[in-house]
Amino acid sequence: MLTKTGNLSANGTRLRKALSGSIGGAIDRRSFLKRSGLTAGGVALASTLPPGAVKQVEAQPAVSQSIKKVTSVCTHCSVGCGVIGEVDNGVWVGQEPDFDNPFNLGSHCAKGASVREHAIGERRLRYPMKLVDGKWKRVKWDTAINEIGDKMLEIRKSSGPDSVYWLGSAKFSNEQSYLFRKFAAFWGTNNVDHQARICHSTTVAGVANTWGYGAMTNSFNDIHNARAVLLIGSNPAEAHPVAVQHILKAKEQNNAPLIVCDPRFTRTAAHADEYVRLRPGTDVAVIWGILWHVFENGWEDKEFIRQRVYGMEDIKAEVKKWTPGETERVTGIPGAQMKRVARLMANNRPGTVVWCMGGTQHTNGNNNTRAYCILQLALGNMGRSGGGTNIFRGHDNVQGATDFCILSHSLPGYYGLKTGSWKHWARVWDVKHSYLKGRFASQKIMEYKGIPVSRWFDGVLTPKEKMDHQPDNVRAMVFWGHAPNSQTRLPDMKKAMEKLDVMVIIDPYPTMAAVMSDRKDGVYLLPAATQFETYGSVTASNRSLQWREKIIEPMFECKPDHTIMSLFAKKLGFSKELFKHIKVNGEEPLVEDITREFNKGMWTIGYTGQSPERLRKHMKNRHTFDRTTLKADGGPCDGEYFGLPWPCWGTAEFGHPGTPILYDPSKPVAEGGLNFRARFGIERKGVNLLAEGSYPVGNELKDGHPEFSMAMLKKLGWDKDLTAAEKAIMAKGVGDKSNWKTDLSGGIQRVAIKHGSAPFGNAKARAVVWTFPDPVPLHREPLYTPRRDLLPKYQTFKDRQAYRLPTLYKSIQDKDFSKKFPIILTMGRLVEYEGGGGESRSNPWLAELQQEMFCELNPRDANNLGIRDGQDIWVKSPEGGKVLVKAMLTRRVAPGVAFMPFHFGGHWEGKSQRHKYPQGADPYVLGEASNVCGTYGYDVVTQMQETKATLCRIESA
Amino acid sequence: MARMKFLCDAERCIECNGCVTACKNENAVPWGINRRRVVTINDGKPGERSISVACMHCSDAPCMAVCPVDCIYETEEGVVLHSKDLCIGCGYCFYACPFGAPQFPQAGNYGSRGKMDKCTFCNGGPEEDNSQAEFQKYGRNRLAEGKLPLCAEMCSTKALLAGDGSEVADIYRERVVARGFGSGAWGWGTAYERKS
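Order-wise, the sequence lines are chains A and B.
All residue numbers for the first sequence refer to this note's numbering, where the first residue is 1 and numbers rise by one.
All residue numbers for the second sequence refer to this note's numbering, where the first residue is 1001 and numbers rise by one.
Printed below as a string of structure tokens:
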């Protein structure tokens, strides 16, 4: 018999390391000693190695002699999992778990564990191509840039800069995101947007308007401290698998009840203590149903509300209507269960609330997000460890791309589009405001929000005279890292694609955009490098920035996105101005210079302290940060929080440690404490909007106060604390008119924090957002509702003009589609794929796991329709779209509800489009895009698309 | 003497398939061969549980007992490995294995299956440790590099544990004590159908 007696040296600490931070209890010294003696293979030597050290065997093959380990961050979701690439002579040969990274502790989901495929994959785009007579033809980069540029300049001349649409990406690094937004400004349009619009735009708007910033308030790691976890419209087991590790820690060690509210019994729900099945699109009703019990029993945190919340009385009045009976009538949730959930949340404080796209992608998405916030305010769970609204963002850098505002309604840092905002950034960019103005069609258009990505195709199809602030239709479309199949109304989008003058797709993979339309020419495919082939910073969902290093050089003829931007800027004639303070090495702008430039301007949200040097230091010393608090205990980053979660106030030299938990007054502002932002004035109808008697530890003002300005510093006599250098920088700007947002010296922020005050003031959160269509969040039925009996009581909004376009609500809801289309259609994710799936379906390790597009259908509906498991079915939409998919019979969905994943693409209404892909760049798995059945419906504030609640008809094929 | 073991904690496994792609990545396993897979029971119903399954590296492994050419062997650490040079692709091990671990690259009868392939606990095969020949036939030999199987090291929720059996048992025991419910112990939840 063969025996193998290798020099095995897998010592016991390796397993401990894999589990540290996520297993029950700490390892005490006694058990540690015991364990380190128990080494595999009985290699006694290993036990004398320091913990974590790995003894390499003597006889290594030649291949591993030169292996270099490079640290990066996964490019899929926003958890921010550390990736370690093993590179041998420029070839990416292996992946190792990054145990030191506090976010993932070495873990990966299917996608993260297979990112090396980027380097060895065979389905990447290899060189620029253009469509000629329906065939893809290889072209040179120069040729492509010249041809595209000439066409754009021609469009600019004849129709104005707003006829070119720049669609960016949450897959950009922070530097690329910032540069892209700046690029659009220099081109002269606000027709620039990215996936945040269709991901968490309603969160950003709803949450920021409630208490100041529209981001996850705590962190994945802080969930360790939660006493209850309520997920609504969030399925982390598929969308953020590594986050579940942190959730399970709370569940197992705190005995925290895990409550999952979702129309589907998801893989997350399978681990829940309480699974609450709601009808799609009734989130507000669910939350008001919970709050009804809270208020009825006096379980709300009265002192918290008195000190820190405005408008709760108005909420109470609305909630009073949501009796258990009414809640059940609307949501379908039994009254007894609502009461149980309310009691669980009330008895287990602090509890955290998590939501994702299930809550945001609705016509009243902003109402949903505000209702979630109000639940947490009522329970007093905000601004404390273990509580908070832990909003899981989608893409790896969608938080960063949002913060840099690749958005049609704002400049980087949420400065907006007002004259003052443009002047601020003009100062940072060191160009004249008049120069920027000259780039736009007019100052009026410059200060008016552009067309959102969710509706770019309406910008092509809508007659000119029905649009406002848009001189002509969109004629050129740039898909820069965006999959069209993640958007609804694909049949309309197809029409728009065919009407465009030119379409440019810039991506590592061709995406469905390359094959969706029946165009025969005027399409360009430019190969972009992945984030593993460049470097820069990325912001995880918890607002921490991590620095990626370059694992490999760009493959084939691919170029990093910022390089492609510089090529376009040169061709389009604003390169000199765009890169005035950014060094360009050949074609490639210096990444660190871009970071330093945004550090100079992002005062509003504190992206000013995260210099490249500090971020690199954090990545290098990531093992020194606590796995729950994220605070470094000793070492070079002592006292700082991992990744300097924004706001990281003041300049890098000021050394702010970052803010791990937003609005947490238990710490001084200088050490990461905070309070709600004063953003909405100081008084409304005689009621004080500032905080009362609540303030961060060490605040000399000891009460609520407005945001800081030079005038306020003078009034307090604190202006004496400003240094001469700070005053000199301020004098070059707006001098005495400076405030904490526009002072480029950072002096005002520094002085405010020195006295213990938050630069943005100290106010109450507002439960009533009087500037929104529904100041108190209301339940409103989806446009395509099956519940005609709930109209007009819970009817939708009136039709209106928004973001340059006519937007329909009531005129759609008024028609009854529910007879012919009786089944509710909802969409969501699968763990193996991401977004449009162009990338993940091209990865054989992932593609093998999900080879067939399907539609989940309850056996009851299937039996009534005569449909059997696994057979082909047509899913048809009331707007005319239809898809041919496999039926999957499961009780995961309720009777009357069907579910489809949205990652598939490459089939169109029953026909494969594989022949349309460039040769060798077709994904392994193709399928129908669910969004062919995605219907009309946009959030009333942000134009978020409705993907979660529409209607369909299902027929045997 | 250490004895290597896998254990999948069904309370934690979320069927993310990280273990599956980690294995593919590390061992260059081709399409159609699954050394590891995630099995879900009660899919879509209350009580849904998932578990990641591969070769369990049994003590007294049935595959070893039935192999007509004796190509399967157990290492000192309790890892069950085999020699692809000796394997005749008869498939007896597949019938003997209670976990469906042995995989065959081709379909068909009477030796047309090709050489058997299965999880090696990231421990290669009979060739010299970390040699090119070993990598090509069996994949990476992480144990020889002082590392544990990548599937477990990368598990998203730390559900899949791999390592010295006694240490794996210690970790699992700690968890069960911390949970105090479910498979661990009877508590209020069981007695009164609620948790608080």
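Think of the CB as a built atom: it goes at the ideal place given N, C-alpha and C, for glycine as much as any other residue.
Contact list for residue i against chain B, beta-carbon separation under 8 Å
i              : result
F265 (chain A) : G1044, K1045, P1046 and E1048
C109 (chain A) : C1016, N1017, G1018 and S1156
M241 (chain A) : For clarity, residue 241 (chain A) is Pro in the given sequence; the question names Met instead. In chain order: I1014, C1016, G1018, S1156 and T1157.
T979 (chain A) : Residue 979 (chain A) lies beyond the range of chain A shown here (1 to 957); nothing can be said about it.
Supposed contact pair residue j and residue i - C-beta distance, whole angstroms, cut 8 Å
i              : j              : result
L526 (chain A) : V502 (chain A) : Actually they do not touch by this definition, with Cβ atoms about 13 Å apart.
R116 (chain A) : A921 (chain A) : So it is not a contact: roughly 19 Å between Cβ atoms.
G388 (chain A) : T217 (chain A) : 4 Å
A285 (chain A) : W322 (chain A) : 6 Å
G601 (chain A) : H424 (chain A) : 7 Å
S541 (chain A) : R393 (chain A) : 4 Å
A691 (chain A) : N762 (chain A) : 5 Å
G934 (chain A) : T488 (chain A) : 3 Å
G386 (chain A) : N225 (chain A) : 3 Å
Y663 (chain A) : G214 (chain A) : With a Cβ gap of about 13 Å, Y663 (chain A) and G214 (chain A) do not count as contacting.
V885 (chain A) : M853 (chain A) : 5 Å
K815 (chain A) : K798 (chain A) : That pair is no contact at about 15 Å.
Whether residue i touches residue j by CB criterion (8 Å)
i               : j               : result
A1159 (chain B) : C1055 (chain B) : no
G1089 (chain B) : A113 (chain A)  : no
L125 (chain A)  : P508 (chain A)  : yes
G233 (chain A)  : I406 (chain A)  : no
A758 (chain A)  : V309 (chain A)  : no
Q913 (chain A)  : V515 (chain A)  : yes
R829 (chain A)  : P901 (chain A)  : yes
T189 (chain A)  : G450 (chain A)  : yes
N101 (chain A)  : V79 (chain A)   : no
P257 (chain A)  : E274 (chain A)  : yes
L962 (chain A)  : C261 (chain A)  : Chain A is shown from 1 up to 957; residue 962 (chain A) falls before or after that span and cannot be answered.
Residues that residue i bridges to, as DSSP identifies them
i               : result
T969 (chain A)  : As shown, chain A starts at 1 and ends at 957. That puts residue 969 (chain A) outside it, with no answer to give.
P589 (chain A)  : A:V584
E955 (chain A)  : A:W874
D193 (chain A)  : A:L167
I505 (chain A)  : A:F479 and A:L525
S72 (chain A)   : A:V83
Q945 (chain A)  : A:Y938
E96 (chain A)   : A:I84
T950 (chain A)  : A:L825
R1036 (chain B) : Bridge partners of R1036 (chain B): none, in fact.
F625 (chain A)  : A:A632
A802 (chain A)  : A:L805
V538 (chain A)  : A:Q546
Under 9 Å by beta carbon: chain B residues contacting residue i
i              : result
Q253 (chain A) : A1178 and R1179
V244 (chain A) : R1012, I1014, C1016, S1156 and T1157
R892 (chain A) : D1043, G1044, K1045 and E1048
R14 (chain A)  : G1146, K1147, L1148, E1153 and G1163
A18 (chain A)  : L1148, A1152, E1153, M1154, C1155, K1158, L1161, A1162 and G1163
Partner residues on chain A for residue i, Cβ-Cβ distance less than 7 Å
i               : result
T1021 (chain B) : A110, A113, S114, W845 and L846
K1115 (chain B) : What K1115 (chain B) touches in chain A: nothing, since even the nearest Cβ is about 15 Å away.
Chain B residues whose Cβ lies nearer than 7 Å to that of residue i
i              : result
E832 (chain A) : N1017
P97 (chain A)  : E1153 and M1154
G106 (chain A) : E1153 and M1154
G351 (chain A) : The contacting residues do not exist; G351 (chain A) stays about 12 Å from chain B at best.
Distance cut-off 7 Å: residue i Cβ against heavy atoms of the ligand PLP
i              : result
V538 (chain A) : The ligand PLP is not part of this structure, which contains no ligands at all.
Subject >> 4-residue-minimum alpha helix (DSSP H) runs that sit fully inside the stretch 314-381 of chain A, ordered along the chain >> reply: 324-331, 335-347, 357-360 and 365-378
**OP:** Please specify which runs of the alpha helix (DSSP H), each continuous and at least 4 residues long, are wholly inside the stretch 206-263 of chain A, giving them in chain order.
**Re:** 236-239 and 241-253
Original post:
Which runs of the alpha helix (DSSP H) fall wholly inside the stretch 1095-1178 of chain B and span at least 4 residues, in chain order?
Top reply: 1132-1138 and 1150-1153
Subject >> Entirely enclosed beta strand (DSSP E) segments - the stretch 1042-1066 of chain B, minimum 3 residues >> reply: 1049-1053
Original post:
Which whole runs of the beta strand (DSSP E) in the stretch 90-152 of chain A are 3 residues long or more, in chain order?
Top reply: 91-97, 129-132 and 135-138
Original post:
What alpha helix (DSSP H) runs, 4 residues minimum, are completely inside the stretch 649-722 of chain A?
Top reply: 710-716
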